[in-house]
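full-length UniProt numbering numbers the first residue of the sequence shown as 1 and each following residue consecutively.
Beneath this line is the structure, given in structure tokens, with notes to follow.
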Amino acid sequence: MNKRIESLQALRGIAAILVMLFHYRFYLRGQDESGTTIWDALFGWGIIGVDIFFIISGFIMVYTTQNYTQCLFSTKRFLINRAIRILPMYYIGLLITFLLSGAMSTFHYPEKVQNL
1 MNKRIESLQA LRGIAAILVM LFHYRFYLRG QDESGTTIWD ALFGWGIIGV DIFFIISGFI
61 MVYTTQNYTQ CLFSTKRFLI NRAIRILPMY YIGLLITFLL SGAMSTFHYP EKVQNL
């Protein structure tokens, strides 16, 4: 009964892209902090992607676990499987972000990194 709902997966992907474009608009407009730019008009509404993403993700988690029995072992097994699936990519992404942030950021913070 737990088949993938492809349309929801696609909508979740679109929501993630909307959030990415919302953040990317700051790079597109550069240092111009005054007023609304075309990028704000095009991508400013992308913040709703966060709400869409979390609502769909919550539904999918309930949908995929609806056949689990209500015991501690099932819950523990679900959380372990989830961590095994998510955490490796999380840490890889975190490492890549940390390594690239100095090269791509307009905000330089070498003294802050040295004080860690």
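Backbone N, C-alpha and C define an ideal beta-carbon position, used for all residues, glycine too.
Distance between tyrosine 90 and leucine 42, taken at the CA atoms: about 29 Å. Looking from the CA of isoleucine 52, the closest CA among Gln66, Leu100, Lys3 and Leu8 belongs to Leu8. Here arginine 4 is exposed. Its C-beta has fewer than 16 other C-beta atoms within 10 Å. Nearest to tyrosine 27 by C-alpha distance, out of Ile17, Ala15 and Asp40, is Asp40.
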